[in-house]
Amino acid sequence: MDSILIKGGNSLNGNVRITGAKNSALKLMAAALLSDEAVYLSNMPDLADTRFLSHLLRHLGAEVHSNTETGCLQIMAANLGEPEAPYDLVRKMRATFNVLGPLLARKGRARVSLPGGCAIGARPVDLHLQALEALGAQIKLDQGYAIAKAPDGLTGANINFPFVSVGATEHAMLAAVLARGETVLSNAAKEPEITDLANMLNAMGARIAGAGQDTITIAGVDSLHGIDHEVVSDRIETGTYAMAAAACPDSEVTISNCQPEHLEALWAAMQRSGIEVTLGPNEVNIKRGTESLKPVDIETAAWPGFATDLQAQFMALMTLADGASIIRETIFENRFMHAPELSRLGADITVHGREAVVRGVKELTGAPVMATDLRASVSLVIAGLAASGSTSISRVYHLDRGFQNLEANLTALGANIRRVKN
Ligand code: EPZ
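12 is the number of the first residue of the sequence shown in the working numbering; add one for each residue after it.
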């Protein structure tokens, strides 16, 4: 299994270009199933997760062509086959479950494997299923599969989510665009990826109003046409490079092709920590001097709050702050698996349930560590860049799920990082 070897202590300088957002691209790919015309996605990230979903779409009968040089993906779902997503093509990645709604809308029935839990928590799909049922789907769970039918089509409904769920909001939108009549989603998620999905669907002929706000209204239409759509830039990749630069004294990095307005909570926390953050229209400049970081408390929250997908990276940063910070994780019940790994590098972290107390240390020292999930892995990369000596990170396939060209990008900024093939 591959590992990543980092010799820490270098400053980072230069420019890094951000790709399209994984967590948007996956839903846009599922949305392509809603049309029998071609959907062209540009600014596509080339990741293990997007390749995995491409396999599933092909299995469902779509033609999928990817050009990784140009970052374009073409999906043509004119002739869908049997609407069945088997366990092997769903289990590795939860976002695959989002094909259920589009298949129901297009074919009137679908059999999709349940995704199961994952390292960061149980992550049920009850809200997804409740939303589809509210739209008129009849669903039964049998031997790990959701078996759904809507022989007379889906019908608009009022759906009030008991708490904010990105995936359930997206799934409800994907199903409701072709439903008869009006759907109102209350307490909807407001993440930029929701707005990106709504923008693409509207450009395909859907009638969605209010995306990015608490209430989304969808007037169902009969069909959707093909489209060219540019995937929104990845705010989590943007924030990750920003924190990598912030972790290494004497660094200055410009992050381009991004939308800094999607990360206000992160910029506020970094500025409180003493990092210079300068925002431009499509870029952000991060400057870290040689002075130590100030401790900053954060609490994760649905957008526009502090993103849970940036919590591990921020914890890595705070391990070197001059004092103690408190990090509260409110979205997932088990998202501190990076804490014991960071401690192997010398960090002082105590976890009590959903709260971690991070007492800053003078320095981290390299050690062998293990990646446990995508964002946890990259927090170890950040800590390894800031640590003295060598850090080797095993199980790096997690990183390949969400970060394109990570080692090459960091090397170009001056880091000493390489992949070791085993
Ligand atoms: C999306 O997951 C992202 N994944 C996650 O990124 C991200 O952390 C999360 O949103 C929150 O921003 C993708 O977009 C592919 P939720 P999602 O539904 O949609 C509970 C990464 O590293 N819940 O907003 O699954 C759930 O367990 C990943 O890229 C239910 O109880 O997140 C969680 O506690 C990790 N029942 C909370 O809601 C449901 O039916 C919020 O989850 C659905 C969710």
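Yeah, the Cβ is synthetic: ideal placement off N, Cα and C, and Gly gets one too. Computed from a predicted structure; not experimentally measured.
Taking 7 angstroms as the line, does the beta carbon of residue i fall inside it for any heavy atom of the ligand EPZ?
i: R429; result: no
i: R339; result: no
i: F174; result: yes
i: F343; result: yes
i: I309; result: no
i: L4; result: Nothing can be reported for residue 4: it is not among the residues displayed for the chain, which extend from 12 to 433.
i: D320; result: yes
i: V392; result: no
i: N171; result: no
i: L37; result: yes
i: V177; result: yes
i: N198; result: no
i: R386; result: yes
i: R370; result: no
i: E74; result: no
i: L131; result: Leu is not the amino acid found at residue 131; the sequence shown has Ile there. Under cutoff, so the answer is yes.
i: E202; result: yes
i: G413; result: yes
i: K33; result: yes
i: R105; result: yes
i: P135; result: yes
Can you round the beta-carbon distance between residue i and residue j to whole angstroms, since I take them to be within the 8 angstroms contact cut?
i: A168; j: L140; result: Actually they do not touch by this definition, with Cβ atoms about 14 angstroms apart.
i: A335; j: G371; result: 7 angstroms
i: A230; j: E193; result: 5 angstroms
i: E74; j: M55; result: At roughly 16 angstroms, the Cβ-Cβ gap does not stay under 8 angstroms, so E74 and M55 are not in contact.
For residue i, count the other beta carbons within 10 Å of its own beta carbon; 16 or more makes it buried, fewer makes it exposed. Which is it?
i: D163; result: exposed
i: Q415; result: buried
i: G132; result: exposed
i: Y408; result: exposed
i: S234; result: exposed
Can you give me the C-alpha to C-alpha distance between residue i and residue j, rounded to a whole angstrom?
i: G25; j: T265; result: 6 angstroms
i: P95; j: L45; result: The identity of residue 95 in the sequence shown is Glu, whereas the question assumes Pro. The straight-line gap from Cα to Cα measures roughly 15 angstroms.
i: D13; j: D225; result: 43 angstroms
i: M254; j: V307; result: 14 angstroms
i: A186; j: P203; result: 19 angstroms
i: K373; j: E263; result: 21 angstroms
i: G413; j: L58; result: 6 angstroms
i: G364; j: A397; result: 27 angstroms
i: L125; j: N109; result: 11 angstroms
i: T81; j: V243; result: 16 angstroms
i: A257; j: I360; result: 20 angstroms
i: M184; j: I393; result: 36 angstroms
Considering only residues of the same chain and omitting the five flanking positions on each side of residue i, which have a CB-CB separation below 7 angstroms?
i: I247; result: A318, D320, L321
i: A276; result: P315, G316, F317
i: F347; result: E340, V362, A367
i: L100; result: H66, L67, H70, T107
i: L424; result: L23, N24, G25, V27, V264
Enumerate in chain order the residues of its own chain whose CB-to-CB distance from residue i is below 6 angstroms, with the five nearest sequence positions on each side excluded.
i: R122; result: E95, Y156, I158
i: H349; result: A323, A387, S390
i: H76; result: Q85
If you drop the 5 nearest sequence neighbours on each side, which residues of the same chain put their C-beta closer than 8 angstroms to that of residue i?
i: A313; result: V175, V177, A200, K201, E202, I342
i: A332; result: S284, S303, L304, K305, P306, V307, V369, G371
i: N433; result: M12, D13, S14
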